[in-house]
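Residue numbers (this note's numbering): 5 to 157. Below: one structure, written as structure tokens.
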Amino acid sequence: MAEQNFQVVKITTDETYALRTAVLRADTPSSDPKYAEDSKPGTVHLGIFDQNKNLIATSTWVINPWLHDPSAAAIQLRGMAVATSHQKSGLGKLLLDAGIVHAKAHDAKFVWAKARDSALDFYLRNNFVSFGDGFTEGVTQMPHHLVVREVRV
């Protein structure tokens, strides 16, 4: 599907909510798709729409220090969600590649995320490394790992 000339575009915070709820809050104790960082200065939301103008993939990129090197510029990836019908189609990689370009433009040394264990292989295939022990994330109550990718030396 990624070969169908899907384009990554900047979107509004409100545009992320329905897809975040459908994908990231399914089977969790919370239905709240909002993050405190959504309106933080410098936060960017990226999305991919299908030919019918439906949002089918989204991610949020927040200027947040990497916990293990707080002096270096870093971007945190939050709210990566691809519609269930489009998962494993390359859209997540398109979002990730666009986010890495964004991070480099902000001279970030690191991109990091709290990755669900169910998505950990995706991050590892895309040059992230798992950092530290797994943990249960508070809102979703799902197992996660920190992942990090160095984007500049």
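From the three backbone atoms N, C-alpha and C, an ideal C-beta is built for every residue, glycine too.
- With respect to the C-alpha of Ala40, the residue from Asp54, Gly83 and Glu19 having the closest C-alpha is Gly83.
- The residue from Gln145, Ile104, Asp54 and Arg156 with its alpha-carbon nearest to that of Ser35 is Gln145.
- Residue state for Thr16 is assigned as coil, using DSSP reduced to three classes.
- The continuous stretches of alpha helix (DSSP H) do not include Lys118, which lies in the beta strand (DSSP E) extending over residues Phe114 to Arg120.
- Taking C-beta atoms under 8 Å as the contact rule, Ile60 and Leu99 fail to qualify, at a distance of about 11 Å.
- Counted as a single uninterrupted DSSP element, the alpha helix (DSSP H) harbouring Ala102 occupies residues Leu95 to Ala109.
- For Asp125, the enclosing alpha helix (DSSP H) begins and ends at Leu124 to Arg129.
- In the DSSP assignment, Met84 falls within the beta strand (DSSP E) that extends over Ala78 to Val86.
- From the listed residues Leu28, Thr20 and Thr140, the smallest Cα separation to Asn58 is found for Thr20.
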